[in-house]
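To convert, count from 1 in the sequence shown and add 279; that's the working numbering.
Idealized CB from N, CA, C, for every residue including glycine.
Computed from a prediction, not measured in an experiment: that's the story for all the values here.
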Amino acid sequence: MRYTINQIAAATGSSEIFEEDAPIEQLLIDSRKVHFPATSLFFALTGPVKDGHTYIPELYEKGIRNFVVSQPVAKDEFPGARFITVTDTLNSLQQVAAWHRRNFSFPVIGITGSNGKTIVKELLYQLLNSDYTIVRSPKSYNSQIGVPLSVWQMSNEHTLGIFEAGISLPGEMEKLQKVIDPGTGIFTFIGDAHASGFSGIRQKIEEKLSLFAKSKLLFYNKDEKLLDDVIKAFVQDKNQGLQLFTWGKNKDASVVLQSVKKLHGDTLLECTYGNEVFDFTIPFTDDASIHNALTCCCVLIYLKFPAVIISQRMAQLKPVEMRLELKQGNNNCSIINDGYSADINSLGIALDFLQQQQQHEKKTVVLSDMMQGGQDGRELYQQIATMVTGKSIDRFIGVGPEIKENAHLFSTIPNNSFFISTEEFLAQVPVLNFRDETILLKGARVFEFERISNVLEQKTHQTLLEINLNALRHNLDAYRRQLNPGVKLMAMVKAFSYGSGSFEIANILQHAGVDYLAVAYADEGVELRKAGIRLPIMVMNVESDTFNSLVKYNLEPELYSFNILDAFRQYLQQHQLTHYPVHIKLDTGMHRLGFEEHEADGLVTILKDTDVFHIRSVFSHLVASGDSKHDAFTKQQAEIFEHISQKISAVIKEPFIKHISNTSGIARLPVLQLDMVRLGIGLYGVDSNPVMQEKLRTVATLKTTIAQIKHIKKGETVGYNRQGVVLRDSVIATVRIGYADGYRRSLGNGKGHMYINGQLAPVIGNVCMDMTMLDITDIPASEEDDVIVFGEALPVDTVANAAETIAYEILTSISQRVKRVYFEE
């Protein structure tokens, strides 16, 4: 749909009228995600961390000329730009989307619940996309911002909309109802959902049901007693015209579940609907997938699909991949795998993720036919070509007959090639010479891009460390919200980013706008520079033989002693360098590295008499900022630090940054945030402060698989030195991880546990170099099943306690031979 700026202004309630009535097609909230500047409208959203108004100059330079703002803007500085002034830009974004929604009469399904919203949406898409032209939320866009952006995709080409909605506070769903206005609703399930922000689970259900205030039909599981009770009350009090279509074992349900039989990766479900008995098989066995599949089955039944068609389609369901994965490829390539779906909106998300990656100069896109029914092919691929060429792609590869037919639209990309099928592409992989590049694989399911991924990915063993980049961003924002105004943030990426990777993590932090990075050694900083990281980088452990690397790669050393200070000063003088950025480390009580208080006068004398240094910061390290019993000592450290800093400040003309607070002190001791804080392990979801720990998400999940299962008799032993003695007939699983991978040997003989199919399995016997044995006697499991070594279900702190160490050591001990997989949900 194409509107004009004056129509949009009217939709926000503004009375402004612009002489040049510019066309508007895209709504934009992120300055880093500009695809079509000429027809985009930027909403300057404000929040606790960022203010969209500060990005207006940058966006103007990128060609954006249309803005919605809530603060005064110096309009003379932006000739030709149009500004719609409103009271609340987020509210205006929702108003515009709701106005757009009212232009369409085709059916819209709204989905809410505590879990399963995105899965149900994507399963419905699989089941119905051959019958409808579907517009749906990209990925899990279900927030106050995500919902209006999703609904904005609606056009006259669509015949069905499926949108999900999530909330975190009372009153939010009422706003989203006006945007989605669903005629049909799905409530996935409430379970034991965390009710943070609400008085309890009941209030949270009531708030979520606001989405269906004007709906005619609602699907849900009748077996959830509380949910059923609240929905009945909602119908009675708020929407008496709402028809309920339920499923469950409850005999009063619309669809009664008679039996569930799990068989080797599949589940056979037998149901009754009215007087009809029918069954169908789904290719999943976990309870959540069964729940979601039954919800989708009810939709098909209500839509009067024949039982035979329902059975066929349910059997063909595919697992829903809700994440972009970044993996190591062959020939020093990085592979971004997004081979689940191909549509114009998810392509934009994937291209933005590709642009974040700076580890290789060369960027390649492999894209299949869009399979986006209802839109003119040439128009669609012209739009795609515009998006791709705007991202400075070095090589473009199209796969499929439609994109090949429109190959001429991609002629401006220096290196492009097209193949009629995945098979034809795979046959040419050896001569395409993929090397030293980041490759985005973006394909519709029918093209089976997983086959391409399998060929291009580096082969490693089945133990892997999954890094959730969304969780990392969430944790970063959680700490930013604790900062006093103007306080900068230095992110610690030393020790391979606490085991999570180097440039992959640094890319995200750079994209998220942190102020500084810190590494332990110069070679870590060199690798980040080679991977395209441009942020200032402090090197904490400086050695004289790395001075050349420091200067060559613009790395900033920590100077912690007179010896290292004198050595670096002489080096700079010999090379006729002045005002080189350095950081002065003070020892205020840690007694590890740094200038002590009695050395302050000597330090000040040297700094006063030389111009080779530019003091970027003066800092120290708190010894026990997470422990209240040492607060008196922490206060003493702060006083010593301030005393020495003032002495330095008295002789240094330029201002410098002062920082002393670390992860555990950021929230506990806000008075010590000073000019900057250093955030380390908190980024990865670990904080000794329980208040902060509640706000954090798990970033790293260490996973492996079961290699073999054995049945052994009572009295037999397991492992080296016969340490594991079984006291009953037992089932033993050997899993593919050992102390060479970083799983500590001290976790053997029952001290450690791993998580298998929802249950904890104790380690039996000694941990081996490459393998560990688990007692799974009471746990149903099969060979090749996934095993969680640590993650959300089994926190790394719990594993560390069992090993009598700390989370830092567990995370940083994960071997480099363990494959890292990075993903965004």
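- Judged by DSSP in its simplified three-state form, His-877 adopts helix.
- Three or more beta-carbon pairs separated by less than 8 Å link the stretch 837–844 to the stretch 863–872, which places the two stretches in contact.
- Within the same chain, Ser-349 come within 7 Å of Asp-367 by CB-CB distance, once the 5 residues on both sides are set aside.
- For Thr-717, DSSP records a beta bridge to Ser-613 and Lys-642.
- Residue pairing from DSSP places Ala-1040 in a beta bridge opposite Met-1033.
- Counting along the chain, no beta strand (DSSP E) covers Ala-785; the unbroken alpha helix (DSSP H) around it starts and ends at 782–791.
- Rounded to whole angstroms, the Cβ separation of Gly-1044 and Met-1052 is 5 Å, and the two are in contact under 8 Å.
- Secondary-structure assignment with DSSP links Leu-958 through a beta bridge to Ala-770.
- Assignment of Gln-537 by DSSP, reduced to helix, strand and coil, places it in the strand class.
- When DSSP states are grouped into helix, strand and coil, Ala-1082 belongs to the coil group.
- Three or more pairs of CB atoms, one per stretch, sit closer than 8 Å, so the stretch 654–666 contacts the stretch 680–690.
- In the three-state reduction of the DSSP assignment, Gln-607 falls in the strand class, which pools E and B.
- The C-alpha of Ser-447 lies about 35 Å from the C-alpha of Ile-589.
- Apart from the 5 residues on each side of it in sequence, Ala-879 sits with its Cβ closer than 6 Å to the Cβ of Ile-923 and Lys-926 in its chain, given in chain order.
- Nearest to Ser-422 by alpha-carbon distance, out of Asn-408, Arg-415 and Gly-445, is Gly-445.
- Membership of Ile-945 in the alpha helix (DSSP H) is indicated by the continuous run 942–947.
- Between Ile-939 and Leu-951, the C-beta gap is smaller than 7 Å, which places the two residues in contact.
- Secondary structure of Asn-394 (DSSP, three-state): coil.
- Relative to the Cα of Ala-799, the nearest Cα in the group Lys-773, Lys-932, Thr-668 and Ile-1035 belongs to Lys-773.
- In the DSSP assignment, Gln-515 falls within the alpha helix (DSSP H) that extends over 504–516.
- With distances taken between CA atoms, Lys-932 lies nearest to Ile-894 out of Ile-894, Gly-292, Lys-400 and His-909.
- Ser-489 and Met-1048 have their C-alpha atoms roughly 55 Å apart.
- From the listed residues Met-1033, Asp-1065 and Pro-461, the smallest Cα separation to Asp-1054 is found for Met-1033.
- Between Gly-964 and Asn-754, the C-beta gap is smaller than 7 Å, which places the two residues in contact.
- By the 16-neighbour rule on beta-carbons within 10 angstroms, Asn-624 is buried.
- Using a 10 angstroms sphere on the CB of Asp-617, the tally of other CB atoms reaches 16 or more, which defines it as buried.
- For Asp-888, the number of other beta carbons within 10 angstroms of its own is below 16, and it is reported as exposed.
- Straight through space, the alpha carbons of Arg-752 and Ala-986 are spaced by roughly 34 Å.
- Counting C-beta atoms within 10 angstroms of its own C-beta, Ser-690 has fewer than 16 neighbours from the protein chains shown and is therefore classed as exposed.
- Gln-515 has its alpha-carbon roughly 38 Å from the corresponding atom of Pro-562.
- DSSP places His-332 within a helical segment (H, G or I) once states are collapsed to three.
- With contacts defined by Cβ atoms closer than 7 Å, Ser-1094 and Asp-1008 do not form a contacting pair.
- Shown here for Val-645: same chain residues with a beta carbon closer than 6 Å to its own, the five before and five after excluded, namely Ile-676 and Leu-720 in chain order.
- The DSSP-derived three-state label of Glu-436 is coil.
- Of the residues assessed, Leu-372 falls on the buried side of the cut-off, its CB having 16 or more other CB atoms within 10 angstroms.
- Burial state of Asp-824 is exposed, judged by a 10 Å Cβ sphere holding fewer than 16 other Cβ atoms.
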